[in-house]
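Following: one structure in structure tokens, then a few remarks.
There are 2 protein chains.
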Amino acid sequence: MAKKKAKQRDCDPRPVRLPDDACAEELAQLAWAVAHPARVRIMRLLSDRETCVCGEIVDELPLAQSTVSQHLKILKESGMINGEIDGPKVCYCINSEKLRTLKDLVAAF
Amino acid sequence: MAKKKAKQRDCDPRPVRLPDDACAEELAQLAWAVAHPARVRIMRLLSDRETCVCGEIVDELPLAQSTVSQHLKILKESGMINGEIDGPKVCYCINSEKLRTLKDLVAAF
DNA sequence: ATCGTTAATCGTCGATTAACGATTAAGAGA
DNA sequence: TCTCTTAATCGTTAATCGACGATTAACGAT
Chain A
1 MAKKKAKQRD
11 CDPRPVRLPD
21 DACAEELAQL
31 AWAVAHPARV
41 RIMRLLSDRE
51 TCVCGEIVDE
61 LPLAQSTVSQ
71 HLKILKESGM
81 INGEIDGPKV
91 CYCINSEKLR
101 TLKDLVAAF
Chain B
110 MAKKKAKQRD
120 CDPRPVRLPD
130 DACAEELAQL
140 AWAVAHPARV
150 RIMRLLSDRE
160 TCVCGEIVDE
170 LPLAQSTVSQ
180 HLKILKESGM
190 INGEIDGPKV
200 CYCINSEKLR
210 TLKDLVAAF
């Protein structure tokens, strides 16, 4: 075969980013966002209730408020959800586009 | 409102496992399996090539053999792939059923 | 201006991940 | 048998995750 048997030891710059790499990176990131039971349940909650619930999520999960907030942050940073400030509360809702991206990337396997 | 404002502090047994929980757990686990760029690329590789490649995967990724082996183990334990021993080599292939499960669960959002 | 509510952030801790090199195990072939 | 190849496992290390309580920030209402 004699493929590119480079074992990338020593000085392999490998600076190039193939599109495949970027794609893998994106899917990995989105998959990771929902790779935790608590985050899955949050997504389900936001999916079920039309209303963008806020801190009700905390009541719904057996976790401390700070922990839920962390998970929300992760979901928000991944782009899967959006948070809108409404007075002292914050309403979260799913970002349909990102969710669509995740679905498409998974379906593409 | 007066929902079940239980803050599950103190003595909240919460031993019950709602089906929703189990479902969230399963999705989280499967999503986690592909929540790493290397594992995504492995899945892609197995998806593209009809042939169940084995250690070619190592040549294809910029990772050490032992690291790739770890990722393969994770994918295998999650049920996403199967490994079949063929002489001194091992051929991996995607487990269509598990993949289908992942697709369905993600699509259900 | 002060209070109460809501949610984000900080700091910490233990557990887990990801990566590697080195070693081992299993077969194939000389 | 001995050797080579292939792949899994072991042991280590650094980094990250997940969880928590405590604190802070932002806002509405009194």
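Protein sequence lines correspond, in order, to chains A and B. According to the working numbering, the first sequence holds residues 1 to 109 in order. According to the working numbering, the second sequence holds residues 110 to 218 in order. Here a beta-carbon is modelled for each residue, glycine too, at the ideal position from N, C-alpha and C. These figures come from a predicted structure and were not determined experimentally.
Note on Pro146 (chain B): 16 or more other CB atoms within 10 angstroms of its CB, so buried under the neighbour-count rule. Sixteen is the threshold: since fewer than 16 other Cβ atoms of the shown chains lie within 10 Å of the Cβ of Arg158 (chain B), the residue is exposed. Residues of the stretch 167-199 of chain B whose Cβ lies closer than 7 Å to any Cβ of chain A, in chain order: Asp168 and Pro171. Taking a Cβ-Cβ threshold of 7 Å, the residues of chain B close to Glu25 (chain A) are Pro146, in chain order. Taking C-alpha positions only, Val167 (chain B) is separated from Gln174 (chain B) by approximately 6 Å. Using a CB distance cut-off of 9 Å, Val162 (chain B) does not count as an interface residue toward chain A.
In the DSSP secondary-structure assignment, Cys200 (chain B) is bridged to B:Glu193.
By the criterion of a C-beta distance shorter than 6 Å, Leu211 (chain B) is surrounded in its chain by Leu139, once the five residues flanking it on both sides are discounted.
Counting only residues of its own chain and dropping the five nearest sequence neighbours on each side, Lys207 (chain B) has a CB closer than 6 Å to the CB of Gly188 and Met189. Think of a sphere of 9 Å around the beta carbon of Arg49 (chain A): no beta carbon from chain B falls inside it, the nearest being about 12 Å out. As the crow flies, the alpha-carbon of Arg153 (chain B) is around 9 Å from that of Ala108 (chain A). By the Cβ neighbour-count rule, Ile85 (chain A) is exposed, with fewer than 16 other Cβ atoms within 10 Å of its own. Contact check for Arg148 (chain B) and His180 (chain B): beta-carbon distance about 5 Å, within the 8 Å limit, so the pair qualifies. Val53 (chain A) has its alpha-carbon roughly 6 Å from the corresponding atom of Tyr92 (chain A).
The three-state secondary structure of His71 (chain A), taken from DSSP, is helix.
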